[in-house]
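Undergrad: The structure's right below; bear with me while I get my questions together.
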Amino acid sequence: RMGAPLEVLPTVRNALKALVKAYVALNGINELLPKRKEPLTNVIVGKIMALPVGTKVGARVLDWDNPFFVVFKAILCTGLSAGFRKAEMCMAADAVFDYTTISRANITWIIKGVPTASPTEAQLLALADGDFCGIMPAACKNDPFGLHFSWKPIWLPVNSAATNAARAIATMLIAVPIPASRSGAVPLFSVDVDGAPVLHRAADSTLHYLLVAALPGQDTSKWSMHSLRIGAASALMAAASAAQDAPGA
130 RMGAPLEVLP
140 TVRNALKALV
150 KAYVALNGIN
160 ELLPKRKEPL
170 TNVIVGKIMA
180 LPVGTKVGAR
190 VLDWDNPFFV
200 VFKAILCTGL
210 SAGFRKAEMC
220 MAADAVFDYT
230 TISRANITWI
240 IKGVPTASPT
250 EAQLLALADG
260 DFCGIMPAAC
270 KNDPFGLHFS
280 WKPIWLPVNS
290 AATNAARAIA
300 TMLIAVPIPA
310 SRSGAVPLFS
320 VDVDGAPVLH
330 RAADSTLHYL
340 LVAALPGQDT
350 SKWSMHSLRI
360 GAASALMAAA
370 SAAQDAPGA
């Protein structure tokens with residue numbers, strides 16, 4: 130209506146290709162490669178878990194018995210095992226907890242073959258191989274209404290690995306006890322009995338300082354909190370590939 134000519138799509142496409150070709154010629158092909166983070170692995174997270182008490186972690190001092198670090202360990206192990214995003218485990222500074230947020234009520238257990246919604250401290254301390262922690266996913270980026278995944282628990286087996294998510298969650302439940310009557314009203318990864326969450330910025334900075342301490346001399350900018358999800362996806366792909374290559378597969 131204003132008299133501006135509209136170019137047809139092939140013309141726009143050809144113009145874009147010419148611009149991209151000129152950009153690559155000037156800057157090199159690597160400039161267009163996506164800048165993705167590297168996966169975190171059990172080995173790297175294990176090195177973090179092996180850091181000694183007293184290690185400086187930004188403004189904090191590492192103490193694996195401190196509720197914040199107990200909860201952060203549970204976040205690392207759970208993110209790596211279940212493939213959760215940072216936003217599914219932590220909260221933004223301006224976010225308000227609601228029933229789309231993963232809460233303590235999203236946790237259940239199978240102990241000695243018996244479904245157990247609210248295990249006692251003694252039961253959590255006595256967890257053994259063959260027991261499981263189940264997490265019901267909350268609303269997430271690819272399922273904002275919880276229609277596809279929220280009714281499918283992720284089962285985390287108990288084992289003796291330093292990065293075992295089920296044991297890390299059990300330790301968190303003991304360190305930061307929340308009454309069953311309030312389990313649906315506080316975030317799963319609460320750092321105190323009032324339900325204070327781990328904020329995004331605290332998670333990002335804590336992981337950064339832990340990586341610097343655990344991997345001296347390495348470029349730790351290669352990893353972020355999303356590297357937990359990338360690590361879980363990479364491990365699943367490797368497991369599927371190994372299963373296909375197994376004799377008789």
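Sequential numbering of the sequence shown, starting at 130, is according to our numbering. For glycine and all other residues, C-beta sits at the position ideal for the given N, C-alpha and C.
Please list the terminal residues of the continuous beta strand (DSSP E) segment that includes residue 261.
TA: That run of the beta strand (DSSP E) goes 261-264.
Undergrad: Would you say the region 295-309 touches the region 212-227, given that touching needs at least three Cβ pairs under 8 Å?
TA: No contact exists between the region 295-309 and the region 212-227.
Undergrad: Smallest Cα separation from residue 172: which of 291, 302, 366 and 353?
TA: Closest option to residue 172, Cα to Cα, is 291.
Undergrad: Could you pull out every residue in the same chain whose Cβ sits closer than 6 Å to the Cβ of residue 170, ignoring the five residues on either side in sequence?
TA: Result list for residue 170: 360, in chain order.
Undergrad: Given residue 196, which residues of its chain have a CB within under 7 Å of its CB, disregarding the five upstream and five downstream residues?
TA: Excluding residues within five positions, the ones whose Cβ falls inside 7 Å are 304, 305, 320 and 321.
Undergrad: Could you check which residue in 363, 369, 373 and 374 has the C-alpha nearest to that of residue 212?
TA: Comparing Cα-Cα distances from residue 212 to each of 363, 369, 373 and 374, the minimum goes to 363.
Undergrad: Is it buried or exposed, residue 232, if we count other Cβ atoms within 10 angstroms and call 16 or more buried?
TA: Burial call: buried.
Undergrad: Would you check if there are 3 or more beta carbon pairs closer than 8 Å linking the region 259-268 to the region 345-360?
TA: No, the region 259-268 does not touch the region 345-360.
Undergrad: In the DSSP assignment, the beta strand (DSSP E) including residue 286 goes from what residue to what residue?
TA: Unbroken beta strand (DSSP E) run through residue 286: 283-286.
Undergrad: Quick one: complete beta strand (DSSP E) runs, 3+ long, within the region 273-345?
TA: Qualifying beta strand (DSSP E) stretches, in chain order: 283-286.
Undergrad: Can you list, in chain order, the residues of its chain whose CB lies under 6 Å from that of residue 214, leaving out five sequence neighbours each side?
TA: Taken in chain order, the residues that qualify are 358.
Undergrad: Starting from residue 230 and walking both ways along the alpha helix (DSSP H), at which residues does that stretch end?
TA: Premise fails: residue 230 is in no alpha helix (DSSP H) and is neither H nor E.
Undergrad: Count the other C-beta atoms from every protein chain shown that fall within 10 angstroms of the C-beta of residue 270, then say buried if there are 16 or more, exposed otherwise.
TA: Exposed.
Undergrad: Check each candidate in 300, 283, 356 and 373 and name the one with the smallest Cα separation from residue 166.
TA: Checked all of 300, 283, 356 and 373; the closest Cα to residue 166 is 356.
Undergrad: Less than 8 Å between the C-beta atoms of residue 258 and residue 288, yes or no?
TA: Yes, the Cβ-Cβ distance between residue 258 and residue 288 is below 8 Å.
Undergrad: So who's on the other strand from residue 244, going by DSSP bridges?
TA: Answer is 239, bridged to residue 244.
Undergrad: With respect to the alpha helix (DSSP H) encompassing residue 207, which residues constitute its N-terminal and C-terminal limits?
TA: Taken as a continuous stretch (DSSP letters only), the alpha helix (DSSP H) holding residue 207 covers 196-211.
Undergrad: Between the Cα of residue 186 and the Cα atoms of 345, 341 and 375, which residue gives the shortest distance?
TA: Among 345, 341 and 375, the Cα nearest to that of residue 186 is on 341.
Undergrad: Using DSSP with H/G/I as helix, E/B as strand and the rest coil, what is residue 131?
TA: Looking at residue 131 - three-state DSSP - the assignment turns out to be coil, as it is neither helix nor strand.
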